[in-house]
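Single-structure report; data block below.
In our numbering, the protein residues as written are 632 to 827.
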């Protein structure tokens, strides 16, 4: 609505319909993939090296460490051919809008349990990891917009629409930058942060 009202032309019919079709496919398959991920991680729980208590401190730590693992999963999805095969779909649109976030390969989630299994081995619960991974992805939906500008002091510390525009940018300066899900501290720490 805002795009039309301001004449921004951020959405085009065929691209948006394609994104919505992918979204419908993903939503239909979501119970299977969430169940698959949960069952795989639940299986790994029996091999956990530690038994962490379920309290506020471990929950906060689980949110942060899940975000760190997401960073590495996302970064590897850009730098490893096999994983890029799945992730490239997300970067295939020439447009950048909320529906772009729906462009996710239907089979890409088969690799998630492999990436998140180390958290289970460290003693985090499958429920925590699955919920925080899904929360991470939901948060990122709101980052796919050109309507929101820079957000001042939080830029470079949390993922913002500005930081995510860089990630989707095709300029050489922007390639393989800003992999963080919620936090940008991983990009700062590992040298992949780039301001817009």
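For every residue, glycine included, the Cβ atom is placed at its ideal position computed from N, Cα and C.
Since the structure is predicted, the reported quantities are computational estimates derived from the model, not experimental observations.
Using three-state DSSP, classify residue i as helix, strand or coil.
i	result
residue 778	coil
residue 786	strand
residue 726	coil
residue 814	strand
residue 637	coil
residue 823	coil
residue 721	helix
residue 734	coil
For the alpha helix (DSSP H) containing residue i, name the first residue and the last one.
i	result
residue 689	687-710
residue 747	743-752
residue 770	757-772
residue 657	644-676
residue 793	792-799
Give every residue of the same chain whose Cβ lies closer than 7 Å to the Cβ of residue i, excluding the five residues on either side of it in the sequence, and list them in chain order.
i	result
residue 740	664, 668
Beta carbon of residue i, beta carbon of residue j: below 9 Å?
i	j	result
residue 842	residue 753	The structure shown does not extend to residue 842, since the chain is modelled only from 632 to 827, so the question has no answer here.
residue 776	residue 729	yes
residue 724	residue 649	yes
residue 704	residue 765	no
residue 701	residue 811	yes
Among residues of its own chain, excluding the 5 on either side of residue i, which ones have a beta-carbon nearer than 6 Å to its beta-carbon?
i	result
residue 799	727
Counting Cβ pairs, one atom from each stretch, are 3 or more of them under 8 Å apart for the segment 775-787 and the segment 708-722? no
With three or more C-beta pairs closer than 8 Å as the rule, is the segment 663-672 touching the segment 761-769? yes
Quick test of the definition: if touching needs 3 or more C-beta pairs under 8 Å, does the segment 792-804 touch the segment 686-694? no
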